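Take a look at the structure below.
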Amino acid sequence: MKIIDMLRQEKPSLSFEVFPPKAADKYDSVEAAAAEIAKLKPSFMSITYGAGGGTSQYTVDIASTIQNTYHVNALAHLTCVNSTREHIGLVLDDLRENEVENILALRGDLNPNVPPQTDYRYACDLIREIERYGGFDIAAACYPEVHPEARDLEEDIQHLKEKVDAGATHLISQLFFDNNDFYSFLYRVRQAGITVPVEAGIMPVTNRKQIERMVSLCGASLPKKFVRIMHRYGDDPAAMQ
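Counting from 86, one number per residue, gives the positions in the sequence shown under this note's numbering.
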């Protein structure tokens, strides 16, 4: 099922994200964890692509298992900054053959140690490519607190509109910890004429260092009350939970 068709039903939905392993000897444990999550029958499960597309085959394999073995909608992440047009075509062929019809199209993080490829510059370029290929429902990313590389929110929303105009049917937000940031963002994108569904990205807090690292990478902010809680309980996992 294409995720946009599910979202149009306007029922509450919940998804989970799976991180493919970086090494082959970890694959079975990740797949086992994905199987347990699938038993909860979420609306869909998304599978990340790894820095530089390093886990691309694992992404396809896990997405296929979720879709075809556990019968849960799979949303495969696909990044393009370090990919050639030929490689993207092969991944799309592979996803189609495995009956995975939902893709989260992303530029991907720039790695200063890896020169980017030149076939794609932005996520909207990848979205257009997938749209031309046909047959996929395309999601895109959005940043309630502004993309770290954007000058301001207005510029960021303009780029977001380009993604939607290119073919993205719904948006998944970067993590945030203050609901007001998300509500304010929703108001601004609706004012800009972006009417597609926007899903809230939520990161469960179980590890202080993990959250601090994620926040530093994506530019999200932590409310003062939340920072106090982390400082008080962050070194005690049971108390933190």
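Virtual Cβ for every residue (Gly too), placed ideally from N, Cα, C.
Nothing here was measured: the structure is a model prediction, and the numbers come from that model.
- Separation of the CB atoms of I151 and V157 is rounded to 5 Å, and the pair is thereby assigned contact status at 8 Å.
- Within the stretch 121-168, the complete alpha helix (DSSP H) segments of 4 residues or longer fall at 141-153, listed in chain order.
- Scanning Y228, N292, K126 for the CA closest to the CA of A324 turns up N292.
- Residue environment for E230: buried (at least 16 other C-beta atoms within 10 angstroms of its C-beta).
- A distance below 6 Å between beta-carbons, with the five flanking residues on each side excluded, links D204 to the following residues of its chain, in chain order: T169, R170.
- If you look at D266, you'll find it in the alpha helix (DSSP H) that goes 264-276.
- Boundaries of the beta strand (DSSP E) around G286: 283-286.
- S258 is bridged by DSSP to C227.
- Counting every other CB atom within 10 Å of its CB across the protein chains shown gives V199 a total below 16, marking it as exposed.
- S100: member of the beta strand (DSSP E) spanning 100-103, first to last residue.
- Beta-carbon to beta-carbon, H172 and T133 are separated by about 17 Å, too far to satisfy the 8 Å threshold.
- In the DSSP assignment, A109 falls outside any beta strand (DSSP E), carrying neither H nor E.
- Between A190 and L211, the gap from beta carbon to beta carbon is short of 8 Å.
- The closest CA to that of I314, considering only C303, L302, E297, G304, is found on E297.
- Here the alpha carbon of A109 sits roughly 18 Å from the alpha carbon of A120.
- Cβ neighbours of R213 within its own chain (closer than 6 Å, five residues either side excluded): A251.
- Secondary structure note for A190: its beta strand (DSSP E) is the uninterrupted segment 187-191.
- Ranked by how close their Cα comes to the Cα of A305, the residues S258, V274, A277, A253 have S258 in first place.
- Per the coordinates, the alpha-carbon of R236 lies some 32 Å from the alpha-carbon of Y218.
- Per DSSP, the unbroken alpha helix (DSSP H) holding G174 starts and ends at 170-182.
- Assigned with DSSP and collapsed to three states, D90 falls in helix.
- Straight-line measurement puts the Cα of A208 at about 19 Å from the Cα of L180.
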